[in-house]
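The numbering used here puts the sequence shown at residues 118 to 158.
Even glycine gets a Cβ: it sits at the ideal position worked out from N, Cα and C.
In this text, all values refer to a predicted model and were calculated from it rather than measured experimentally.
What follows is a short report on a single structure.
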Amino acid sequence: MSDHTGTQPMYAVWFDGLELWGDHAEANSSVVLDMWEAYLQ
118 MSDHTGTQPM
128 YAVWFDGLEL
138 WGDHAEANSS
148 VVLDMWEAYL
158 Q
């Protein structure tokens, strides 16, 4: 990860439980990851 200072955009990336766990997912499950732009570079 880069050493960035100052204000950075933040992104919330949403994944449906079915995409992650297929048939093993609980009904209506999801995961949201909050990531700063530096994490995505």
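Query, Result
"Helix, strand or coil for Ala155? Go by DSSP, reduced to three states.", "helix"
"Once you ignore the five residues that flank Val149 on each side, which residues in its own chain have a CB closer than 8 Å to its CB?", "Ala129, Val130, Trp131 and Phe132"
"In terms of DSSP beta bridges, what is Ser147 paired with?", "Asp133"
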